[in-house]
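**Q** Please find one structure pasted underneath; my questions will follow.
Residue numbers (the working numbering): 131 to 1234.
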């Protein structure tokens, strides 16, 4: 058998294969690279929004569909179903949503806003849209009411009038309730705006109208007159009916609750002030207004009391506010009263609104409340009314993004597949939290989308309190995986004594995650932290480095009296021929060590916080301090991310060192680099030592060039000083300031294996540094061999002399191989849990992974790499090692790039994505820099957007659209096409609960609900509405869909009715035939009986 296989071997085929492999891997010129991305592959759209609705103003709940809607001050509308079903829409203008009304179980809702517009929304489709709008012009809307299964909307205004709107046509009825006809003739003043409208549960022909002054009118819609009038002593806030329709309860501005009988005008049946207590002078305490009250009836034995869990049939009175004024700072609360029990539920934030969840939408039935949804200023709380103690439900929505303000974001689409399970395994989400209700989350409407993404996604957020959160953002969901609290590394800061120190000293402003090695680098204002991932807990003592970066620019270089200090030279003679300024190593000479920060184990740190050996011109050592101090001693860390090293920037003579502006880590090199507004530092994370800490001017090696560049760039920036899109940019946005270019900040850092000089035949480890003045410098890294030598021998750092210059601060840098594929970041290989080995100070356990690139070690000098450099103004493609520029593009002349990144859009297809301050998103092909997309998408109006905007692979991007909400977008046409299948469905066909059955005696004596023909009252017979009072505005979309859906529904119902009618006709026909047959048989029987009677009529009995 072996012989047969040997005969099949073909030496010619082997050589052909070798030739093919060599030719396929041979370097291509930039013109030979096939670019597979076309303009039709790019499309920008918002996908999903996560987080708590910012500045909420209104809320409503559909008790049949079980979905919740929340409106905000900015005009946003969020509709929530079961976890994973969350849709966002916007009114199109920056207006407050004042009230939301569901058309229960009809797939539509009504909103009215602060601009006096009433909108009808259709949410039967994936993207809710406005069908109709009605603009009130003469009067301002103050409240609305929509009866269950009614198409007539009652609208109250600030002038005290009540209008009626047809929901189907969005036209105004001629029926109007004028305020002067509603109030008593004895009243001489205007009653104020209408605050409440509701129809009587027992008699829908009666409308309850509440005015701000406390006047309450029971209006007869048929007779167009007031049946009864009530007057409260205090201003009105809200009204709630009892389900029997004979009483209602009102809440007032003095914290009182009044109960009224419908047919008893004058005094209320009862007056209570639940939270008022008698004072020392005998008078009751003043209380805050009760902003809203709900009076809900309960069927026998369906509700448990708070303390003992005993079932009760007493009605529930639920209200917000009403607490005493005398206690300053008392927290907001919701009060639940049932029988003689009063329960106060304290809230953490201001109560905006609350809704009581009930089993039925019918107001004349037992309500049987089972939960309360409380909308707070910064949270959503759902309270279980059916469990003892009224516990809260655990909120499954990602509404705690803003638990501490978000200060940084990173988005990783198509991340490592094992990263999410690893984070979940060490996260707190696997532990069930106690104290919450055990019942199912009651907002359970809608259903998930039919499809999902095939790749995982992770979002990492940094927060003002030093917390870092990892989120599973796959497809259209968001779920917290793991939380890291970095503030625990530091001592509690004392009173601020350093000028310019941050209000939030622990805040995270930059995040860098190496997915494969799982190294996590975080940067605050003046500190940088490195963390390593471990699946086991460990006891560690965290080493720290105090780093001082001094920025010095000498303008008078020709003065013989000026002797500026030169950078310390560790092995200076090695690269003098290349124009380098020298090199720094991890074990340089003693003189070099004086200018290097020292490693201090925490117990050995000096109280001064500094360890630099620099001196001022008079020979005195300057005072050095740090904003934070790492906690001394060993601490136990749970499984997850463990601290590896902390770098602290030092204040010199109380001068701020400059905020950190860029960070980068490479696990293969074992190096960490970070830059600030003054210069650059490189740290050896293996030996825990600082290799280099220099001001930006020292990185050039020739200060004349730097001074000239500074002057040139200052003039360029002044030319664009009047740019309308510019604003003062801080270190949080990772951008330099156009107004302040007195210093050259480090804006971008990239570790890579690349060509450092022209005519290089080999790639070598290096660090590319981009600055705020448009310079790109290349620093060579001479690394010792891996293993024991890496632990003992020095890493030599030296500039290469290579400098590129662009217009504007550098935003991003990336590298492509000769085939136009992104060169991945070098890592030390797949992550391994080596915590125990590191505790024992063992040698490096893994050898560096060789990068699989196109051949770059040939003796033939050809361009084998492309460096992609993007600044705030332009982008360039540089061929390496020749350092020629085959392609360049001017991105913006009158604005600037806020964020840019080189990403994989599909497979190995690469593009440059840019977000510009004028709101445009621009996408360029690579390496040719052809413009594929330029669309006006999101004007930059807030620094938060600039600080959190980030691009990712597969055509994804995200940003914080508000302090509490995260917005995901896509620039992939393929994803846009599939988005509809991923989004959840809000509306599901469901049967409407049957109306309550009335007892025999209620129907007999007229105690049941009466019928009302609203069409007759409010239709054409009511006349035309006042001219110019309101204007109908067609919706931007959705009307055709709603009509088609309605037509389909109607057609289905008509077809069903026809079928039933046909079946009924057939049955009636059969009954008729049987009836006719029976009649004929009866007639025949009658005739026979008559004949027999005649036959035997005259015969005697004995003749038979």
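We treat Cβ as the ideally placed atom computed from N, Cα and C, and that holds for glycine.
Since the model is a prediction, treat every value here as computed from it, not as a measurement.
#1: Going by C-alpha distance, which of 926, 213 and 190 is nearest residue 503?
#2: Can you give me the Cβ contacts of residue 495 inside the same chain, cut-off strictly under 8 Å, excluding the 5 residues immediately before and after it?
#3: Starting from residue 1020, follow the beta strand (DSSP E) in both directions and report where the run begins and ends.
#4: What's the C-alpha gap between residue 535 and residue 1085?
#5: Starting from residue 1034, follow the alpha helix (DSSP H) in both directions and report where the run begins and ends.
#6: Residues in its own chain within less than 6 Å of residue 528 by CB, not counting five upstream and five downstream?
#7: Tell me the DSSP secondary structure of residue 1108 in three-state form.
#8: Less than 8 Å between the C-beta atoms of residue 425 and residue 392, yes or no?
#9: Below 8 Å between beta carbons: does that hold for residue 875 and residue 825?
#10: Report buried or exposed for residue 472, applying the criterion of at least 16 other Cβ atoms within 10 angstroms of its Cβ.
#11: Using a Cβ-Cβ distance under 8 Å, would residue 220 count as near chain D?
#12: Apart from the five residues on each side of it in sequence, which residues of its chain come closer than 7 Å, Cβ to Cβ, to residue 1218?
#13: Between residue 895 and residue 879, how many whole angstroms is the CB-CB distance? I'm expecting something under 8 Å.
#14: Of all the beta strand (DSSP E) runs that stay within the bounds of the region 266-302, which reach a length of 3 or more residues?
#15: Does the Cβ of residue 549 have 16 or more other Cβ atoms within 10 Å, making it buried, or fewer, making it exposed?
#16: Taking residue 813 as part of the beta strand (DSSP E), name the residues at either end of that continuous run.
#17: Answer with buried or exposed for residue 1213, where buried requires no fewer than 16 other C-beta atoms within 10 angstroms of its C-beta.
#18: If you draw a straight line from the alpha carbon of residue 401 to that of residue 415, how long is it in whole angstroms?
#19: Assuming the contact rule is C-beta atoms closer than 8 Å, residue 680 and residue 782 should be a hit. Round their C-beta distance to whole Å, please.
#20: Report all residues from its chain with a CB closer than 8 Å to the CB of residue 491; omit the five preceding and five following residues, and keep chain order.
#21: If you follow the alpha helix (DSSP H) that residue 1148 is part of, which residue opens it and which one closes it?
#22: Using 8 Å for Cβ pairs, my map puts residue 1148 next to residue 294. What's the rounded Cβ distance?
#23: Can you list, in chain order, the residues of its chain whose CB lies under 7 Å from that of residue 688, leaving out five sequence neighbours each side?
#24: Does residue 1064 come out as helix, strand or coil in the three-state DSSP assignment?
#25: Got a sec, what are the start and stop residues for the beta strand (DSSP E) residue 612 sits in?
#26: For a quick check, are the C-beta atoms of residue 290 and residue 273 less than 8 Å apart?
#27: Does residue 453 come out as helix, strand or coil in the three-state DSSP assignment?
#28: What's the call for residue 1066, buried or exposed, on a 16-neighbour Cβ count within 10 Å?
#29: Could you name the residues of the same chain whose beta carbon sits closer than 8 Å to that of residue 520, not counting the 5 residues immediately before and after it, in chain order?
#30: Note down, in chain order, each residue of its chain lying with its Cβ closer than 8 Å to the Cβ of residue 776, except the 5 sequence neighbours on either side.
#31: What whole-angstrom Cβ distance do residue 252 and residue 265 have, given they're in contact under 8 Å?
#32: Mapping the DSSP letters down to three states, classify residue 369 as helix, strand or coil.
#33: Which same chain residues, not among the five before or five after residue 210, have their C-beta less than 7 Å away from its C-beta?
#34: Go to residue 549, then tell me how far its alpha helix (DSSP H) extends in each direction, as first and last residue.
#35: Please classify residue 1151 as buried or exposed, where buried requires at least 16 other C-beta atoms within 10 Å of its C-beta.
#36: Quick one: what's residue 359 bridged to in DSSP?
**A** In terms of the structure at hand:
#1: Checked all of 926, 213 and 190; the closest Cα to residue 503 is 190.
#2: Close CB contacts of residue 495 within its chain, under the 8 Å cut and outside five residues either way in sequence, are with 373, 1125 and 1126 (chain order).
#3: DSSP places residue 1020 in the uninterrupted beta strand (DSSP E) bounded by 1014-1020.
#4: So the alpha carbons of these two residues sit roughly 27 Å apart.
#5: Not the alpha helix (DSSP H): residue 1034 falls in the beta strand (DSSP E), residues 1027-1036.
#6: Excluding the 5 residues flanking it on each side, residue 528 has same chain C-beta neighbours closer than 6 Å at 180 and 608, in chain order.
#7: Residue state, collapsed to three classes: helix.
#8: Result no, Cβ atoms of residue 425 and residue 392 do not sit closer than 8 Å.
#9: The beta carbons of residue 875 and residue 825 sit no closer together than 8 Å.
#10: Classification of residue 472: exposed, given that the 10 Å Cβ count is below 16.
#11: Any reference to chain D falls outside this structure, which holds one protein chain only.
#12: None.
#13: With 8 Å as the limit, residue 895 and residue 879 do not qualify as a contact, their Cβ atoms being about 14 Å apart.
#14: The qualifying runs are 271-276, 282-287 and 292-296.
#15: Label assigned to residue 549: buried.
#16: Segment 809-814, the beta strand (DSSP E) holding residue 813.
#17: With a threshold of 16 other beta carbon atoms within 10 Å, residue 1213 falls short and is exposed.
#18: The C-alpha of residue 401 lies about 15 Å from the C-alpha of residue 415.
#19: The pair is a contact, with the Cβ atoms about 7 Å apart (cut-off 8 Å).
#20: Only 193, 194, 234, 235, 278, 1122 and 1123 meet the Cβ criterion.
#21: Taken as a continuous stretch (DSSP letters only), the alpha helix (DSSP H) holding residue 1148 covers 1144-1148.
#22: About 5 Å; that satisfies the 8 Å criterion.
#23: Note that residue 688 scores a pLDDT of 39, beneath 50, so its modelled location is shaky; the value from the coordinates is reported in the next line. So the list is empty, once near-sequence residues are dropped.
#24: In this structure, DSSP gives residue 1064 an extended state, which the three-state scheme calls strand.
#25: Annotation for residue 612: the continuous beta strand (DSSP E) segment containing it runs 609-615.
#26: No, the pair does not count as a contact, with Cβ atoms beyond the cut-off.
#27: Of the three classes helix, strand and coil, the one that applies to residue 453 here is coil, per DSSP.
#28: That one is exposed.
#29: Closer than 8 Å at the Cβ level, and outside the excluded window around residue 520, lie 436, 466, 473, 475, 513 and 514.
#30: If the five residues before and after residue 776 are omitted, its C-beta is found closer than 8 Å to the C-beta atoms of 619, 657, 658, 659, 660, 672, 673, 674, 675 and 760, all from its own chain and listed in chain order.
#31: Not confirmed; about 19 Å, so no contact.
#32: Secondary structure at residue 369: strand, using DSSP grouped into helix, strand and coil.
#33: So the qualifying residues of the chain are 197, 198, 216, 527 and 573.
#34: Where residue 549 is concerned, the enclosing alpha helix (DSSP H) stretches over 549-556.
#35: The residue is exposed, with fewer than 16 neighbouring Cβ atoms inside 10 Å.
#36: Its beta-bridge partners are 347.
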